[in-house]
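Line by line, the protein sequences give chains A and B.
Quick note: the first sequence uses this note's numbering, first residue 608, plus one each step.
Quick note: the second sequence uses this note's numbering, first residue 608, plus one each step.
Note that beta-carbon positions come from the ideal geometry of N, C-alpha and C, so glycine has one too.
Quick caveat: nothing in here was measured; it's all calculated off a predicted structure.
Protein chains: 2
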Amino acid sequence: MPGQHVEERARPRSVQVRKELTHRIDSGTFAAGSRLPSEPALAMELGVSRATLREALRALESEGLVRRMWGAGTFVADGRRVTNSLDANFGVTDAIRAAGMVAGIEQARHSMEPATVSEAGRLELQPGSDVLVVERVRTADGKPVVLSRDILPGRLIAKRPEIADQMLMRSIYEVLERELGLVIHHGVASFRPVRADVTVARRLGVPRGELLLAIWQVDYSEDGAPVLSSYEYHLADAFEFTVLRRGPGRRLS
Amino acid sequence: MPGQHVEERARPRSVQVRKELTHRIDSGTFAAGSRLPSEPALAMELGVSRATLREALRALESEGLVRRMWGAGTFVADGRRVTNSLDANFGVTDAIRAAGMVAGIEQARHSMEPATVSEAGRLELQPGSDVLVVERVRTADGKPVVLSRDILPGRLIAKRPEIADQMLMRSIYEVLERELGLVIHHGVASFRPVRADVTVARRLGVPRGELLLAIWQVDYSEDGAPVLSSYEYHLADAFEFTVLRRGPGRRLS
DNA sequence: ACGCCGTAAGTTGTCCGACAAGATACTTAC
DNA sequence: GTAAGTATCTTGTCGGACAACTTACGGCGT
Chain A
608 MPGQHVEERA RPRSVQVRKE LTHRIDSGTF AAGSRLPSEP ALAMELGVSR
658 ATLREALRAL ESEGLVRRMW GAGTFVADGR RVTNSLDANF GVTDAIRAAG
708 MVAGIEQARH SMEPATVSEA GRLELQPGSD VLVVERVRTA DGKPVVLSRD
758 ILPGRLIAKR PEIADQMLMR SIYEVLEREL GLVIHHGVAS FRPVRADVTV
808 ARRLGVPRGE LLLAIWQVDY SEDGAPVLSS YEYHLADAFE FTVLRRGPGR
858 RLS
Chain B
608 MPGQHVEERA RPRSVQVRKE LTHRIDSGTF AAGSRLPSEP ALAMELGVSR
658 ATLREALRAL ESEGLVRRMW GAGTFVADGR RVTNSLDANF GVTDAIRAAG
708 MVAGIEQARH SMEPATVSEA GRLELQPGSD VLVVERVRTA DGKPVVLSRD
758 ILPGRLIAKR PEIADQMLMR SIYEVLEREL GLVIHHGVAS FRPVRADVTV
808 ARRLGVPRGE LLLAIWQVDY SEDGAPVLSS YEYHLADAFE FTVLRRGPGR
858 RLS
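Below, the structure is given as structure tokens:
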């Protein structure tokens, strides 16, 4: 049953509250470092119960936006917001825009191919199943900075092949969400430094052996199904990645 | 008032519950992909109210350990646990151990120096203040893999200079927590690929120009004060870093 | 007048009981 | 046999209440 179109489903109210509070913090209504109204007061103002508000606050705390102190109050985390954070910004487009540059796409092309064994494994498909492969060179202020190769199950666009064309010009995440109602819930990214080989160097217009950061990643939908497998080659000097490390709350063995 | 020794303060019960559930998941009592007992049942078994249990579950959900589905139940996240995750494992020691290798330390030395302007800025100190600098070469199964340079405010160990020696042999996070009661709450790490210069290459025993991953990071204590600034040079082939990317829940502008 | 300590107010943590909303599995009607 | 409807289970939300903790104020002794 692949129906399930975008139907403006009612989200849990705590999610609404979380968004509202995030907006107030981002907009400065709740200044950095300041204390939030007490839970009973905030709950009444937002028109939800204290339990629902606490649900939202717990989420914000785990995101590092607020800090709760027993008996003292809940405080907005001190400024120091990570701008180009690998674990917050999804996709190359967001990363480029977060760096204050204009994101563009060149040399875009897509094709339907049989999945290799490793790709099928990542996407939990039968080897040889059709997968859509989208290759693009991403530009920042017109200069090539990233070569990306995105792979997704062919069945996703089987009924609407024209969607593949849209992926050549826009963020894949954007297309997945707007055209297919597919929201990426989380992804697991790995990276390591590499040198540009002949193929990559030519596409990016840099000398062979240039320093690159290779990132490969699998994104999962809300129900835990793999949706997108991608490979990216970033110019080392293009932008700087940061990661917010939480913990060490849970210590492994 | 720097008293405040380790005094086994009573943690919120939800934290206890969270640890218990984490343990059960890690130990396999709750198998990957399986459904947890219902909230009322689990709450009764653990001897806490449903609200407290939900507080713990919310935390586990944000960590990606469980997935909650409205009306269906709460499920343990599918295996696929990130092993060497940059945003979960803190410190080189944990990273090496997570890769299944034996962590060691060589060429360790420490010194008290006046802080440079940039270092003082990162640690929010007066330029020229004394800082403790710890330089070490970390080994995995006896082979050098990381050159690290850790910088922390000198006042932290002013009254117990012998602590610096302990940092030469053990994880700095471990020493901070056990000897000073200082728990790192979060850190912000940045990284980029670099080539080994002469100095780094000699310390790590690799050719000049070898591929490295440079990671620099500032760690903060629970009250938001910067505690540790560190620089690390990782051999590109030593291990593979992964990051769990959440979202895109809150989209920035 | 100064400093110390106890107390009161405020805030978060936890608890209980109940109902609403969504999902699943079973039953029933065709 | 198939499909729709229903029963039941689960999570989401609500309201009120009390306990634990932090902070700040005021009284007390020196």
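The segment 747-755 of chain A in contact with the segment 693-707 of chain A per 3-pair CB rule at 8 Å: yes
Presumed contact (8 Å Cβ cut-off) between residue 669 of chain A and residue 634 of chain B, rounded CB distance: Residue 669 of chain A to residue 634 of chain B, Cβ: 23 Å. No contact.
Residue 740 of chain A vs residue 712 of chain A beta-carbon contact at 8 Å: no
Opening and closing residue of the alpha helix (DSSP H) in which residue 700 of chain A lies: It spans 698-705 - the alpha helix (DSSP H) in which residue 700 of chain A sits, taken as one unbroken run.
Outcome for residue 826 of chain B when other beta-carbon atoms lying within 10 angstroms are tallied against a minimum of 16: buried
Residue 685 of chain B Cβ short of 7 Å to the ligand ADP heavy atom set: The ligand ADP is not part of this structure, which contains no ligands at all.
C-beta neighbour in chain A for residue 852 of chain B, strict 8 Å: yes
Same chain, Cβ closer than 7 Å to residue 653 of chain B, neighbours up to 5 away in sequence not counted: 624, 627, 660
Assigned exposure category for residue 805 of chain B - 16 Cβ within 10 Å defines buried: exposed
Backbone CA spacing between residue 629 of chain B and residue 666 of chain B [nearest angstrom]: For residue 629 of chain B and residue 666 of chain B, the distance between alpha carbons rounds to 10 Å.
Under 9 Å (Cβ pairs) to chain A, residues found in the segment 785-812 of chain B: 790, 791, 792, 793, 794, 795, 796, 797, 798, 799, 800, 801, 802
Cβ of residue 610 of chain B within 8 Å of any chain A Cβ: Caution is warranted here: a pLDDT of 32 is assigned to residue 610 of chain B, below 50, making its placement in the model unreliable, and the coordinate value is therefore given only provisionally. So no, residue 610 of chain B is outside the interface.
C-beta neighbour in chain A for residue 849 of chain B, strict 8 Å: yes
Cut-off 6 Å between Cβ atoms - residues of its own chain near residue 840 of chain A, not counting five sequence neighbours on either side: 754, 807, 819, 821
Test: residue 778 of chain B CB closer than 8 Å to a CB of chain A: no
Run of the beta strand (DSSP E) containing residue 828 of chain B, from where it starts to where it stops: 818-828
Buried/exposed call for residue 733 of chain A, threshold 16 Cβ in 10 Å: exposed
Under 7 Å (Cβ pairs) to chain B, residues found in the segment 740-771 of chain A: When C-beta distances to chain B are compared with 7 Å, every residue of the segment 740-771 of chain A stays at or above that value.
Residue burial classification, residue 731 of chain A (beta-carbon count within 10 angstroms, cutoff 16): exposed
Where residue 766 of chain B falls: helix, strand or coil (DSSP): coil
Nearest-angstrom Cα separation, counted from residue 761 of chain B out to residue 722 of chain B: 10 Å
The segment 631-644 of chain B: positions lying closer than 7 Å to chain A by Cβ: none
Cβ pair residue 683 of chain A, residue 640 of chain A closer than 8 Å: yes
Residue-chain proximity (residue 678 of chain A, chain B), Cβ-Cβ < 8 Å: no
CB contact flag (residue 831 of chain A, residue 767 of chain B, <8 Å): no
Beta-carbon contacts of residue 663 of chain A that lie in its chain and below 7 Å, excluding the five residues immediately before and after: 621, 624, 625, 628
Proximal residues, the segment 656-670 of chain B versus chain A, C-beta separation under 8 Å: 658, 661, 662, 665, 666, 669, 670
Beta-carbon spacing of residue 791 of chain B, residue 780 of chain B below 8 Å: yes
Residues bridged to residue 803 of chain B (per DSSP): Beta-bridge pairing links residue 803 of chain B to no other residue.
Chain-ordered neighbours of residue 693 of chain A on chain B, where CB pairs are closer than 8 Å: 850, 852
Under the three-state DSSP convention, the category residue 647 of chain A falls into: helix
For residue 852 of chain A and residue 796 of chain B, believed in contact at Cβ under 8 Å, the rounded distance: The pair is a contact, with the Cβ atoms about 6 Å apart (cut-off 8 Å).
Residues bridged to residue 680 of chain B [DSSP beta-bridge criterion]: B/676
Residue 646 of chain A and residue 631 of chain A closer than 8 Å at C-beta: Not in contact: residue 646 of chain A and residue 631 of chain A (Cβ atoms no closer than 8 Å).
Beta carbon of residue 850 of chain A nearer than 8 Å to that of residue 693 of chain B: yes
Terminal residues of the beta strand (DSSP E) in which residue 743 of chain B lies: 737-747
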